[in-house]
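Quick notes on the structure that follows.
Number of protein chains: 2
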Amino acid sequence: MPRFFVQRNSIEGNHIRIDGSDALHIGRSLRMKIGDELILCCDRIDYKTKILSISDSSVLCEILTQSEICSESNIDLTLYQAMPKGDKLELIIQKSVELGAAKIVPVITSRCISRPDKKSFVKKKERLNKISLEAAKQSGRGIIPEISDIIDFKTAVSQLSEQDFSFVCYEKGGVPFSSVVAPSEFKDKSVGLLIGSEGGFEESEIEVCEKAGIKTISMGKRILRCETAPISAVSIIMALSGNM
Amino acid sequence: MPRFFVQRNSIEGNHIRIDGSDALHIGRSLRMKIGDELILCCDRIDYKTKILSISDSSVLCEILTQSEICSESNIDLTLYQAMPKGDKLELIIQKSVELGAAKIVPVITSRCISRPDKKSFVKKKERLNKISLEAAKQSGRGIIPEISDIIDFKTAVSQLSEQDFSFVCYEKGGVPFSSVVAPSEFKDKSVGLLIGSEGGFEESEIEVCEKAGIKTISMGKRILRCETAPISAVSIIMALSGNM
Chain F
3 MPRFFVQRNS IEGNHIRIDG SDALHIGRSL RMKIGDELIL CCDRIDYKTK ILSISDSSVL
63 CEILTQSEIC SESNIDLTLY QAMPKGDKLE LIIQKSVELG AAKIVPVITS RCISRPDKKS
123 FVKKKERLNK ISLEAAKQSG RGIIPEISDI IDFKTAVSQL SEQDFSFVCY EKGGVPFSSV
183 VAPSEFKDKS VGLLIGSEGG FEESEIEVCE KAGIKTISMG KRILRCETAP ISAVSIIMAL
243 SGNM
Chain B
3 MPRFFVQRNS IEGNHIRIDG SDALHIGRSL RMKIGDELIL CCDRIDYKTK ILSISDSSVL
63 CEILTQSEIC SESNIDLTLY QAMPKGDKLE LIIQKSVELG AAKIVPVITS RCISRPDKKS
123 FVKKKERLNK ISLEAAKQSG RGIIPEISDI IDFKTAVSQL SEQDFSFVCY EKGGVPFSSV
183 VAPSEFKDKS VGLLIGSEGG FEESEIEVCE KAGIKTISMG KRILRCETAP ISAVSIIMAL
243 SGNM
């Protein structure tokens with residue numbers, strides 16, 4: 003059955019209204035009709051609905067049943083990703099959304115080559131949020147992970163230090179994930195994960211992280227590309243916490 | 003210091019000879035000269051060498067010291083990957099080589115859309131082995147993981163059943179990696195990992211795997227793309243076995 007994400011304000015009582023490109027898609031591409039059934043997802047709930055009326059700009063549905071989505075993990079993982087070059091951030095977003103990240107925050111660190119300012123990032127952010135939406139749909143997520151505004155290293159460290167668990171992956175040191183958190187400790191916790199760009203981190207940045215209580219993690223003895231590290235680290239955290 | 007892979011037959015006594023494009027690269031691009039030092043890697047050993055003579059087609063080096071490479075994992079992981087569409091196999095090879103796979107074997111399963119025959123795969127294999135070489139160089143591997151000939155499902159199952167541990171990732175069932183092998187059991191063992199193409203596996207294929215002793219693994223409740231699953235699974239196995 004086709005499945006679409008809807009906003010909270012699309013739901014009124016027992017009805018859900020779908021506007022914009024999704025409405026057009028339902029009527030034209032999927033050729034759905036009055037009486038056909040659709041799954042509409044909002045904030046971890048799947049609503050099984052029936053189409054009451056349909057036009058190119060709007061589809062009105064009646065809620066038949068609702069159920070909580072079981073595809074969300076039991077941790078709240080935010081990926082703080084230092085801006086990589088080219089379109090690598092797109093791959094990182096697609097893969098970390100599939101793997102269960104709850105939010106992705108682009109960060110500017112010392113060694114970032116790509117350093118867009120907040121203003122020029124606005125248009126890029128729109129595209130990145132679309133990639134997150136598509137990956138959320140494809141992988142059956144119960145939320146659309148948000149791609150936030152770009153922030154500086156200091157702000158990232160401050161946000162990371164407020165998470166229940168926070169990690170920074172470093173190629174020149176650190177310990178494995180499994181040695182700092184026991185699997186049973188993860189449940190219902192917030193987790194912050196900081197990953198470097200192509201050049202990794204300055205030693206001074208790692209010192210700042212450690213002072214803020216962020217654990218330095220080693221990803222093994224092989225040198226991972228900056229887009230491989232987040233995919234691998236999110237996988238390991240999800241497996242360790244019993245979510246994979 | 004620049005680092006190149008060499009074949010075992012390039013080493014004669016205390017000397018190593020480099021031919022072909024690497025020789026040209028050393029002289030022309032890197033502008034190295036007699037007396038300069040190079041790292042030459044062959045089968046998990048790094049040889050620190052000094053250039054004795056140099057031309058566009060050949061570089062002769064003298065071995066100064068040698069040391070075992072510590073970047074190789076303590077498991078021998080072969081990825082059996084059902085042929086994906088387009089150029090996804092290239093991404094899968096690049097990433098799994100970075101993450102420590104020892105060999106990648108393309109497999110034809112029921113649901114493969116891309117079904118090259120052995121003959122037409124020969125040219126593609128050349129390109130794929132080059133991707134493996136580049137990833138091995140970049141990540142500091144001690145071997146160049148081989149991309150094998152394409153094999154059919156039955157042959158894959160037979161090879162997998164000969165490994166110390168073998169797994170098949172299935173989206174409709176199975177248990178987590180951590181529930182079938184304890185971390186301490188992995189050391190020095192061979193591991194076979196079978197991953198599906200876009201459509202995953204037929205139920206009958208999973209039955210064949212299970213009869214052959216291959217454990218069915220669940221990668222969690224989210225649906226992973228066929229190129230995300232191997233990257234994620236190799237990461238989890240490397241982390242579980244203490245190699246990340």
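Order-wise, the sequence lines are chains F and B. In terms of this note's numbering, the first sequence has 61 at position 59, counting the first letter as 1, and numbering is strictly consecutive. In terms of this note's numbering, the second sequence has 115 at position 113, counting the first letter as 1, and numbering is strictly consecutive. For glycine and all other residues, C-beta sits at the position ideal for the given N, C-alpha and C.
Distance between beta carbons of residue j and residue i, contact taken as under 8 Å
i	j	result
MET246 of chain F	ILE238 of chain B	7 Å
PHE167 of chain B	VAL193 of chain B	5 Å
PRO108 of chain F	GLU229 of chain F	Not quite, the Cβ-Cβ distance comes to about 13 Å (not below 8 Å), so this is no contact.
ARG30 of chain F	SER73 of chain F	Actually they do not touch by this definition, with Cβ atoms about 28 Å apart.
ILE36 of chain F	ILE56 of chain F	6 Å
GLN83 of chain B	ILE197 of chain B	5 Å
ILE220 of chain F	GLY176 of chain F	Note that residue 220 of chain F corresponds to Ser in the displayed sequence, not to Ile. Yes, SER220 of chain F and GLY176 of chain F are in contact; Cβ-Cβ is about 4 Å, under 8 Å.
PRO4 of chain B	LEU32 of chain B	6 Å
ASP151 of chain B	PHE123 of chain B	7 Å
LEU195 of chain F	LEU81 of chain F	5 Å
GLU173 of chain B	GLY201 of chain B	Contact flag wrong, Cβ pair sits at about 10 Å.
ILE233 of chain B	ILE233 of chain F	5 Å
Own chain, CB closer than 6 Å to residue i, minus 5 neighbours either side, in chain order
i	result
ALA214 of chain F	VAL159, SER163
ILE133 of chain F	GLU92, ILE95, GLN96
ASP119 of chain B	none
LEU79 of chain B	ALA103, ALA104, VAL193
PHE7 of chain F	CYS43, ILE146
ASP21 of chain F	SER60
ILE28 of chain B	MET34, VAL61
SER69 of chain F	ASP48
SER243 of chain B	ILE77, PHE188
SER141 of chain F	GLU100
THR67 of chain B	LYS50
SER71 of chain F	The sequence as given places Ile at residue 71 of chain F; Ser does not occur at that position. These residues qualify, in order along the chain: ARG46, ASP48, GLY144.
ALA137 of chain F	GLN96, VAL99, GLU100
Reduced DSSP secondary structure (H/G/I, E/B, other) of residue i
i	result
SER199 of chain B	strand
ALA104 of chain F	coil
LYS217 of chain B	strand
ARG19 of chain B	strand
ILE149 of chain F	strand
CYS211 of chain F	helix
GLY194 of chain B	strand
SER160 of chain B	helix
GLU204 of chain B	coil
ASP166 of chain B	coil
ARG30 of chain F	helix
GLY6 of chain F	The sequence shown places Phe at residue 6 of chain F, not Gly. Of the three classes helix, strand and coil, the one that applies to PHE6 of chain F here is strand, per DSSP.
GLU173 of chain F	coil
ILE133 of chain F	helix
GLU229 of chain B	coil
ASP24 of chain B	helix
ILE13 of chain B	strand
Cβ shell of residue i (< 8 Å), same chain only, five flanking positions each side left out
i	result
HIS17 of chain B	LEU54, LEU62, CYS63, GLU64, ILE65
ARG10 of chain B	CYS44, ASP45
ALA231 of chain F	CYS171, ILE197, GLY198, MET221
PHE179 of chain F	PHE169, ILE219, ALA235, ILE238, ILE239, LEU242
ASP38 of chain F	LYS52, ILE53
GLU205 of chain B	LYS174
Sequence-distant residues of the same chain with beta carbon closer than 7 Å to residue i, five excluded per side
i	result
LYS126 of chain F	PRO118
ILE149 of chain F	ILE95, ILE106, LYS127, LEU130, ASN131, SER134
VAL182 of chain F	LYS217
GLU207 of chain B	THR111, SER112, PHE155
Residues in the segment 216-240 of chain F having any Cβ partner in chain B nearer than 7 Å | MET221, GLY222, LYS223, ARG224, ILE225, LEU226, ARG227, THR230, ILE233, SER234, SER237, ILE238, MET240
Of all the residues that make up the segment 81-113 of chain F, which are near chain B by a beta-carbon distance shorter than 7 Å?
-> LYS97, GLU100, LEU101, GLY102
Taking only runs of the alpha helix (DSSP H) that begin and end inside the segment 41-124 of chain B, which ones reach a length of at least 4 residues, in chain order?
-> 90-101
Chain-ordered residues of the segment 143-161 of chain F with a beta carbon less than 8 Å from chain B = Listed in sequence order: ARG143.
Using Cβ-Cβ distances below 8 Å, what residues of the segment 168-179 of chain F are close to chain B?
-> PRO178, PHE179
Note down, in chain order, all residues in the segment 57-77 of chain F with a beta-carbon under 7 Å from any beta-carbon belonging to chain B.
-> CYS72, SER73
Members of the segment 195-206 of chain F near chain B, C-beta cut-off 7 Å = Per Cβ criterion, the list is empty.
Contacting positions in the segment 118-146 of chain B - beta carbon closer than 8 Å to chain F = GLN140, SER141, GLY142, ARG143
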